Amino acid sequence: MPLEKTTLSAHSKARAQWNRMRPLLIITGGVLLVVCLHYLGNPKMGRPFGALSVASEDLSPVEREPERTAVKRAYLRSWNGAEGLGSYLQHFKQSIVLAEALDSEHFVSFAKSEHGYSTSEFWNGQLSGAVGRRPLPLAMDGNRLCRIGDYVPHETRAGLVHGLCGGRPSALSEMADVKARMAHCKSIVDTDQAELEEGLNGCIAGWVRARVGPARQFVLPPLSDPPTRPITVGVHVRWGDMAASLNRTGAFYGSMGITDIVRILRDIRARWGVVGGAGVQVKIAMQNSTNAGGGVLSQLRLDDTDAGAWTTLEVVDSGDPIADLYALSNNDILLVGGSSYALTAHLLAPPGGLTIAGHNSMHKFANTTGFGRHVVPLAQYSPDSLRLALRSDSTI
Numbered sequence: 001m002p003l004e005k006t007t008l009s010a011h012s013k014a015r016a017q018w019n020r021m022r023p024l025l026i027i028t029g030g031v032l033l034v035v036c037l038h039y040l041g042n043p044k045m046g047r048p049f050g051a052l053s054v055a056s057e058d059l060s061p062v063e064r065e066p067e068r069t070a071v072k073r074a075y076l077r078s079w080n081g082a083e084g085l086g087s088y089l090q091h092f093k094q095s096i097v098l099a100e101a102l103d104s105e106h107f108v109s110f111a112k113s114e115h116g117y118s119t120s121e122f123w124n125g126q127l128s129g130a131v132g133r134r135p136l137p138l139a140m141d142g143n144r145l146c147r148i149g150d151y152v153p154h155e156t157r158a159g160l161v162h163g164l165c166g167g168r169p170s171a172l173s174e175m176a177d178v179k180a181r182m183a184h185c186k187s188i189v190d191t192d193q194a195e196l197e198e199g200l201n202g203c204i205a206g207w208v209r210a211r212v213g214p215a216r217q218f219v220l221p222p223l224s225d226p227p228t229r230p231i232t233v234g235v236h237v238r239w240g241d242m243a244a245s246l247n248r249t250g251a252f253y254g255s256m257g258i259t260d261i262v263r264i265l266r267d268i269r270a271r272w273g274v275v276g277g278a279g280v281q282v283k284i285a286m287q288n289s290t291n292a293g294g295g296v297l298s299q300l301r302l303d304d305t306d307a308g309a310w311t312t313l314e315v316v317d318s319g320d321p322i323a324d325l326y327a328l329s330n331n332d333i334l335l336v337g338g339s340s341y342a343l344t345a346h347l348l349a350p351p352g353g354l355t356i357a358g359h360n361s362m363h364k365f366a367n368t369t370g371f372g373r374h375v376v377p378l379a380q381y382s383p384d385s386l387r388l389a390l391r392s393d394s395t396i
C-alpha cells in the first residue's frame with residue numbers, strides 16, 4: 001500500500017507539472033513553427049524586396065503566379081562565401097547540373113553577401129513578391145541523407161558535369177548509374193569547396209530563369225518593327241568596387257569601355273532616337289555613384305548632338321543590388337562587360353532582345369542564347385547588329 005500511494009503521488013506531481021508547462025510548450029512550438037515556415041519559404045510569410053517589389057497579394061488572380069511546389073528531394077549545396085550575386089553563382093553551377101540530373105531541388109546553405117543582402121535567399125527563390133514570383137517551398141528529409149561526394153568523386157566531378165552539359169553519351173550513362181545508386185537517398189548534401197566555374201552559363205540558364213526570373217507581367221512587351229514604344233537600353237558600369245581602377249588606369253574592369261558605350265549609344269539613337277522615331281531610354285546601373293562618377297556619366301549623356309532631346313537617361317543606383325539587377329536586366333539592349341553580375345543580368349533579360357558583350361567576356365556568354373536572346377561580341381558588333389533587338393516572341 002505505501003508503495004502504491006507513493007507511485008500515485010509522484011504521478012500526480014508529474015501531471016500537475018505538465019499542466020503548468022503545457023501552455024508554454026504550445027507557445028514555444030508555435031513560434032518555432034512560424035520560424036520554420038519563414039525559412040522554408042511559406043508563401044504567406046514572405047516579404048516584398050527592393051524598389052521593384054510587388055507583393056503577390058497585390059496581384060489579381062489572373063496575374064498571380066501559380067503556387068510553386070517543391071515535390072523533389074532536396075539537394076543542399078553548402079558554401080560559405082560572402083561574394084556578390086554573380087560571383088556566388090560561380091561556386092554552385094556544377095551542383096545545379098547534378099541536382100537537375102538527379103531530379104532534385106537545388107538550394108544553398110545560408111549566406112550573406114559582404115554587400116549586406118542574403119545571396120542564399122535570392123538564389124533559393126525566397127524573395128516573396130519580388131517581381132511577381134512566389135517563394136519556393138523548401139524542405140529536407142534527414143532520414144536517408146547522402147553525400148554526393150561518395151557517388152561523384154571530386155576528381156571526376158567537373159568532367160562529368162561538362163559532359164552532361166555537352167550531351168556526351170558516356171557522361172549520360174555514368175550519371176544514369178549514379179542516379180540508380182542514389183535512388184534510396186531522401187536528401188543530398190554537397191560539400192565540395194573547390195568549385196569555381198565561370199562557364200556553364202548556357203547549361204544553367206533555364207534553371208536561373210525558372211528560379212529567379214521575373215514573372216511574365218514584369219517583362220517588357222515585345223517590340224514591333226518598326227517599334228511603337230521607346231527602345232530601352234541597360235548599361236552596366238561597374239563602379240562600386242572598381243572606381244579606383246578607372247582612376248588609376250583610365251579603363252573599366254568588368255565593364256564595357258566608355259568609348260565603346262558612347263559609340264553604340266550613338267548608333268542606337270541614330271536608328272531610333274531621331275525626330276519621329278520611337279525614342280530611346282537609357283538606364284545606367286552604376287552602384288555607389290559618386291562625384292567622380294558624375295564625370296563618367298557626363299560622357300554618356302550624349303548632349304553634343306541635336307537628337308539629345310529624344311534620348312532619356314536614368315541612373316540606377318537604389319542601394320538595393322537585387323532591385324538594380326532586375327532594373328538592368330529588363331531592357332531590349334544590354335551593354336555589358338565581363339562581370340558575373342552583368343552575366344546574371346543577361347540570363348534574366350527578356351528573350352528576343354540583344355546583349356552586346358565587351359572584350360574578353362565571351363567565355364561567360366557562350367551558349368547563353370537558348371532562351372531566345374541574341375548575344376553579339378563587341379569585336380563583331382556593327383550598327384546593323386541592332387536589328388537583333390527587335391523581337392516578336394514574349395515567351396519567358
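The sequence shown begins at 1 in full-length UniProt numbering and counts up one residue at a time. Ideal Cβ positions, reconstructed from N, Cα and C, are used throughout, including at glycine. Remember, predicted model here, so these are calculated numbers, not experimental data.
Close Cβ partners of residue i (< 6 Å) along its chain, the five nearest in sequence each way excluded
i    : result
I204 : K93, I96
S118 : K112
T232 : Q281, N331, D332
Which listed residue (the options) has its alpha carbon closest to that of residue i
i    : options                : result
V235 : P350, A357, R168       : A357
R387 : A270, L76, N360, N367  : A270
I196 : A101, R144, L89        : The residue you asked about is not Ile; residue 196 is Leu in the sequence shown. For the residues A101, R144, L89, the minimum Cα distance to L196 belongs to L89.
P383 : L313, D260, N288       : D260
Q217 : A183, R133, C185       : R133
Q281 : I333, R263, R238, G257 : I333
V237 : G213, A285, D324       : A285
G295 : I258, D324, A278, G319 : I258
A183 : R168, T312, R147, G352 : R147
Residue i classed as buried or exposed, judged by whether at least 16 other C-beta atoms fall within 10 angstroms
i    : result
R211 : buried
T228 : exposed
P350 : buried
A180 : exposed
H363 : exposed
T344 : buried
R144 : exposed
E314 : exposed
G319 : exposed
Three-state secondary structure (DSSP) of residue i
i    : result
Q281 : strand
F107 : strand
Y341 : helix
Y75  : strand
P351 : coil
S361 : coil
D190 : strand
L200 : coil
T312 : strand
H346 : helix
L388 : helix
Close-in-space but distant-in-sequence residues of the same chain around residue i (CB under 8 Å, 5 per side omitted)
i           : result
residue 437 : No answer is possible for residue 437: it lies beyond the span of the chain, which begins at 1 and ends at 396.
G202        : C165, A366, N367, T368, T369, G370
Other residues of its chain near residue i: CB distance less than 7 Å, five sequence neighbours each side excluded
i    : result
H154 : D192, A194
G163 : S170, A171
N360 : G338
M140 : A74, L76, S187
V375 : T355, A357, F365, T368, T369
request  = May I have a chain-ordered list of the alpha helix (DSSP H) segments no shorter than 4 residues that lie completely inside the stretch 119-164?
outcome  = 119-123
task = With a floor of 3 residues, list each beta strand (DSSP E) that falls wholly inside the stretch 208-237, ordered by position along the chain.
result = 231-236
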